[in-house]
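The block underneath contains the structure these notes are about, expressed in structure tokens.
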Amino acid sequence: MTDGKFNECQEFKRRQNMWRLLLILLYAFVLTDPSHAQDRPENCTTSGLCPRTFYGKRAISTIKHNLTLDLPALNITNNHVNYTDGFASTRIIPVAYVIAIVIGIPSNTLVLAFLSRKTRSLSSAILHLSLAASDLLLLVSLTLKVHYHLNSNNWVFGELACKLVTACFYGNMYCCIHIHMCVSILRYLAVVHPFLYRGLSKRSCTTWASLTIWTVFGMAMAPEFLTHQSYYLPEFGTVTCHDILPYDEKLYNFLIPYRLCLIFLGFICPFTVIIFAYGSIVHQLHRSSCDFTYYIKASTLVFVIFLVCFTPSNTIHFIHYVRLYTNKQDDFYNYFNVAVCVCCFHSCLDPFLSYFITKTTNPRMDFVSLARTSLRSSVII
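According to mature numbering (1 follows the signal peptide of the UniProt record, and there is no 0), the stretch in the sequence shown is residues -37 to -1, 1 to 344, in order.
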């Protein structure tokens, strides 16, 4: 028994010494970890451009981040302190996103439930269901952006998540714009050309339109997945997501004309169609003796969404890329970050527009009234 107790005591001491050795090795590893050796300096003197823009210069080495992924590093100037630690970036922008999330997710969920059960016009409901689904996808992705900004613009979710969030924002914006365009065309045909509208297979047209929009802009987001979106900033020990990209490299050169084309095809062209469609609707309704107040209110709300949400961000984005492409001036991206916050509020206004447009009192009587107006106009001509 004595020998057994002695052996147990020796075994216990050996295990205790082994754990002490492991703790010492772990402590030494932490002290020599290169990720802890990068302290944030008060002033940065390396060459480059501030991360309030898309433009950066690649560093010589890459830094291992989270022990799983080698992230390329970028050198930037100390001007980024005003953005990374600034009140606008770490408080105003995330608070705006939180407001959009709190209002947008419940309202879009209610719209999905309402349109899937109580709607008289299935063709219009298909478009607005697609709009609500796109808005929900954006709002869910914004939760990661909120953490990113509150964490001093330090991205911790990995490269794939950064690409997904970037693609969700741009894809949602242009999908929503084109869905609004399809709704305006549908309203235009119903009011201005009621007989043509009556003969259309509206259900199949709206279904194929929604599928085409999702497919086209899903494919249009491919460059966001083909290029690296997150970069390590060795001067500050943080990872940026999409806010700074090395546009001086050949791989990124095509992104500037690509995004200019996206703005032209994704915003300018459909906005022109919407202006023409709703302008024609208002003109036609003024000639009618019937009360179509809800059409006019819906048209006004669409213009508010475009003028307040989509126009500022796309205009500033367009100017930013033109200046970046022509003379490497990139200071306009400052204003774009604020405009993006305003743009995201379209996901809060879209549900009210969807509910308002789909709440048709008596579409059969509307058709008869509009048809009579068109017949009178044709007789006068």
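Where is the CB? At the ideal position from N, CA and C, for every residue including glycine.
Reference residue i, options the options, closest by Cα
i	options	result
Cys131	Ile148, Val146, Lys108, His112	Lys108
Tyr288	Val154, Val61, Phe217	Phe217
residue 351	Leu152, Leu73, Ala88	No answer is possible for residue 351: it lies beyond the span of the chain, which begins at -37 and ends at 344.
Gly134	Arg222, Leu270, Ile238	Arg222
Phe299	Pro314, Ser310, Cys272	Cys272
Pro57	Thr278, Asn114, Leu78	Asn114
Phe230	Leu270, Ser97, Ile62	Leu270
Ile238	Ser317, Ala302, Val265	Val265
Ile320	Ser86, Pro69, Val61, Ala59	Ser86
Lys260	Leu316, Ile279, Leu228, Val301	Leu316
Leu123	Val146, Thr190, Gly162	Thr190
Ile140	Arg161, Gly121, Thr274	Thr274
His91	His110, Asn117, Met144, Tyr60	Met144
Val154	Leu312, Cys204, Gly121, Ser251	Ser251
Thr178	Ile142, Leu312, Gln192	Ile142
Assigned secondary structure, residue i (DSSP; H/G/I helix, E/B strand, else coil)
i	result
Ser251	coil
Thr203	strand
Nearest-angstrom Cα separation, counted from residue j out to residue i
i	j	result
residue 349	Ser52	The structure shown does not extend to residue 349, since the chain spans only -37 to 344, so no value can be given for it.
Ala240	Arg150	8 Å
Val256	Asn71	First, the amino acid is wrong: residue 256 is Thr here, not Val. Spanning the two alpha carbons is a distance of roughly 24 Å.
Met184	Phe158	38 Å
Val267	Tyr194	37 Å
Ile89	Thr169	7 Å
Tyr284	Cys307	20 Å
Ala96	Val103	11 Å
Leu75	Leu100	13 Å
Pro314	Asp206	30 Å
Ser310	Tyr137	13 Å
Ser262	Thr106	31 Å
Arg166	Arg54	45 Å
Cys224	Leu94	23 Å
Leu73	Pro197	45 Å
Ser243	Ile219	35 Å
Ala186	Thr129	Looking at the sequence itself, residue 186 is Pro, so the reference to Ala does not match. Distance between the alpha carbons of Pro186 and Thr129 is about 11 Å.
Lys286	Val236	Per the sequence presented here, residue 286 reads as Arg, with Lys not at that position. Going from the Cα of Arg286 to the Cα of Val236 covers about 27 Å.
Phe199	Arg80	52 Å
Val301	Asn117	18 Å
Ser147	Arg161	16 Å
Phe120	Tyr111	9 Å
Tyr258	Val245	8 Å
Thr203	Phe188	16 Å
Asn318	Gln192	It is Tyr, not Asn, that sits at residue 318 in the sequence shown. Straight-line Cα distance between these residues: approximately 37 Å.
Val303	Leu312	15 Å
Tyr60	Pro69	14 Å
Thr201	His156	57 Å
Ala63	Ile279	21 Å
residue 433	Val305	In the structure as shown, the chain begins at -37 and stops at 344. Residue 433 is therefore absent and cannot be evaluated.
Cβ neighbour criterion (16 or more within 10 Å) applied to residue i
i	result
Trp171	exposed
Cys125	buried
His249	exposed
Ile176	buried
Phe50	exposed
Gly67	buried
Met182	exposed
Ser164	exposed
Asn277	buried
Leu127	buried
Pro233	buried
Phe77	buried
Phe180	buried
Phe281	buried
Leu174	exposed
Asn290	exposed
Phe227	exposed
Pro209	buried
Write down every uninterrupted run of the alpha helix (DSSP H) in the segment 89 to 171 whose length is 4 residues or greater and which is fully enclosed by it, in chain order. If we require 4 residues or more, the alpha helix (DSSP H) runs fully inside the segment 89 to 171 come out as 122 to 155, 157 to 162.
Which whole runs of the alpha helix (DSSP H) in the segment 257 to 289 are 4 residues long or more, in chain order? Taken in chain order, the complete alpha helix (DSSP H) segments of 4 or more residues contained in the segment 257 to 289 number zero; there are none.
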